[in-house]
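I have placed the structure first, in the form of structure tokens, so that the comments after it can refer back to it.
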Amino acid sequence: MLPTSSFRLAAALVAAAALAPAALAAQDPSPYSIGFQSSWPSYGLSGRYDASEKLQFQAVVGALGEVTNFSARINYDFQDKEKYDVYGYGSVGMWRYSYDILGVSDAETSVGLGGGGGFEFDLQEVFSPDEDDFPPLFWSIELGVAFASFDNYNWSLFSFGGGIHYHF
Numbered sequence: 023m024l025p026t027s028s029f030r031l032a033a034a035l036v037a038a039a040a041l042a043p044a045a046l047a048a049q050d051p052s053p054y055s056i057g058f059q060s061s062w063p064s065y066g067l068s069g070r071y072d073a074s075e076k077l078q079f080q081a082v083v084g085a086l087g088e089v090t091n092f093s094a095r096i097n098y099d100f101q102d103k104e105k106y107d108v109y110g111y112g113s114v115g116m117w118r119y120s121y122d123i124l125g126v127s128d129a130e131t132s133v134g135l136g137g138g139g140g141f142e143f144d145l146q147e148v149f150s151p152d153e154d155d156f157p158p159l160f161w162s163i164e165l166g167v168a169f170a171s172f173d174n175y176n177w178s179l180f181s182f183g184g185g186i187h188y189h190f
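Per the numbering used here: the sequence shown ends with 190, consecutive numbering throughout.
Here it is, written out as structure tokens:
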């Protein structure tokens with residue numbers, strides 16, 4: 023049997039957990055999002071800050087994939103619909119690749135630039151437009167181009183990417 027103080031604490035925690043979604047729904051939405059962003063050939067964690075209805079700042083730690091990318095992005099919403107946005111983006115970051123093939127290894131780091139556009143879907147509006155039954159998730163898909171100048175290999179490429187972010 024639980025001591026009285028432990029029972030009260032457990033009851034308070036259960037009540038707080040039950041009331042938390044209603045309290046969060048009553049607050050103004052936070053300008054912060056966290057999630058996962060992919061822009062081939064790299065992908066990883068992403069954090070976003072909504073500076074306004076049209077402008078977002080995003081940091082991407084693309085430590086997974088063929089190329090490592092630490093970048094900053096600016097996203098601009100050209101068209102803001104209820105269920106989706108059409109946006110453009112510009113990015114700057116550090117790109118790094120490394121390899122070790124048959125005992126031959128090399129690694130290089132370069133500043134890279136990129137830009138493109140895409141669509142971002144508000145999954146809460148898509149799957150639960152009249153209620154907040156679905157979590158505030160945003161899914162994006164995009165096409166872009168990236169440029170980097172390595173010592174031994176200069177390249178530009180078309181990039182295809184996407185992301186999913188939880189909006190606090």
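Note that the Cβ used here is the ideal one computed from N, Cα and C, for glycine as well.
How far does the beta strand (DSSP E) with residue i in it extend, from its first residue to its last?
i	result
Phe100	90-102
Leu145	No beta strand (DSSP E) holds Leu145; the alpha helix (DSSP H) holding it covers 145-149.
Phe156	Run containing Phe156: none; DSSP gives neither H nor E here.
Asn176	176-189
Ser55	54-61
Ala85	77-87
Asp72	64-72
Should residue i be labelled buried (16 or more other beta-carbon atoms within 10 Å of its own) or exposed?
i	result
Ala168	buried
Ser68	buried
Leu31	Because Leu31 sits at a pLDDT of 48, beneath the cut-off of 50, its placement in the model cannot be relied upon, and the point is left open.
Val82	buried
Ala85	exposed
Phe11	Here the chain comprises residues numbered 23 to 190, so residue 11 is not present and cannot be evaluated.
Gly140	buried
Phe160	buried
Ala94	exposed
Tyr54	exposed
Asp154	exposed
Glu164	buried
Glu104	exposed
Tyr175	exposed
Gly183	buried
Tyr65	buried
Gln59	buried
Gly138	buried
Could you compute how far the alpha carbon of residue i sits from the alpha carbon of residue j?
i	j	result
Ser127	Glu88	14 Å
Tyr121	Ala129	7 Å
Ser61	Ala73	23 Å
Ile96	Trp177	22 Å
Ala39	Gly112	Residue confidence for Ala39 is low, a pLDDT of 49 falling below 50, so the modelled location carries little weight; the figure read from the coordinates is stated next. Those two C-alpha atoms are separated by around 40 Å.
Phe79	Val133	19 Å
Phe172	Pro63	16 Å
Gly185	Ser162	5 Å
Val108	Lys76	10 Å
Gly166	Phe190	27 Å
Flag residue i as yes when its Cβ comes closer than 8 Å to any non-hydrogen atom of the ligand MG, and as no otherwise.
i	result
Asp155	Among the components of this structure there are no ligands whatsoever, and the ligand MG is therefore not found.
Check your understanding: Can at least three beta-carbon pairs, one atom from the segment 111-120 and one from the segment 143-158, be found at a separation below 8 Å?
Key -> Touching, no, given that fewer than three Cβ pairs across the two stretches are closer than 8 Å.
Review point. Of all the alpha helix (DSSP H) runs that stay within the bounds of the segment 113-149, which reach a length of 4 or more residues?
Key: 145-149
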